[in-house]
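Numbering (the working numbering), first residue to last: 266 to 450. Beta carbons: idealized from backbone N, C-alpha and C, even for Gly. No experiment lies behind these values; they were computed from the predicted model shown. Note sheet for the following structure.
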């Protein structure tokens, strides 16, 4: 029931700005280091199924709560980001690597969807797929509990998988962190 409510809320809430990119832009992951995101988009397009994730976190002493509904069929991936009673973003990936992003007025104009996609990849892709997608720019160390994504010796992001299935994620480059819980598969 909760999944149906989230999907209905995502479809009924409006977004005001749409951005379409045939070629994803690179993201800055460390000083002087840019990650080309085309391979991340291609890896995320392999996602199949529906997953609902809840995130509670902090950035610059501001706490936030959001949910993300991922739906993919191996050819197309849609990620809907929701705040309480508000759809913030809908990012749709289609082959070969097109990004369509619908953004609510509350989301800053400077928002770039590739940064959200990088976080989705860091958290949701299996280790080997992530390694292939970020090589040679980044390395991925993963012992099954802790995952570290680095640019050389510089930590870009890390996550810790808890015994209860939650994931503590931290983006070291941009200084935010959140705990992610899978609400549905």
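Through-space distance from residue j to residue i, alpha-carbon basis
i	j	result
residue 366	residue 324	22 angstroms
residue 285	residue 416	28 angstroms
residue 337	residue 330	23 angstroms
residue 356	residue 379	10 angstroms
residue 400	residue 292	14 angstroms
residue 351	residue 407	35 angstroms
residue 371	residue 282	11 angstroms
residue 439	residue 296	11 angstroms
residue 289	residue 386	14 angstroms
residue 368	residue 426	30 angstroms
residue 340	residue 302	17 angstroms
residue 394	residue 312	11 angstroms
residue 422	residue 321	17 angstroms
Buried versus exposed call for residue i [16 or more other C-beta atoms within 10 Å across all chains shown]
i	result
residue 412	buried
residue 424	buried
residue 276	Confidence is the limiting factor: at residue 276 the pLDDT is only 44, short of 50, which leaves the residue's position unreliable and the question unanswerable from this model.
residue 430	exposed
residue 269	Here the model assigns residue 269 a pLDDT of 43, short of 50, so the residue's position is not dependable, and the following value carries that caveat. Counting Cβ neighbours within 10 Å, residue 269 comes out exposed, since fewer than 16 surround it.
residue 375	exposed
residue 428	exposed
residue 434	buried
residue 410	exposed
residue 327	exposed
residue 397	exposed
residue 443	buried
Nearest to residue i (by Cα), restricted to the options the options
i	options	result
residue 419	281, 299, 285	299
residue 448	384, 316, 304	316
residue 354	362, 434, 438, 343	343
residue 294	397, 333, 404, 370	404
residue 304	364, 314, 332	364
residue 446	381, 345, 318, 302	318
residue 347	383, 321, 333	333
Cross-strand partners of residue i (DSSP beta bridge)
i	result
residue 452	There is no way to answer for residue 452, as the model of the chain reaches only from 266 to 450.
residue 407	412
residue 433	425, 444
heavy atom of the ligand GTP below 7 angstroms from residue i C-beta
i	result
residue 320	Here there are no bound small molecules, and the ligand GTP is not part of this structure.
Quiz item: Three or more beta-carbon pairs under 8 angstroms between the region 302 to 313 and the region 377 to 393, yes or no?
Solution: yes
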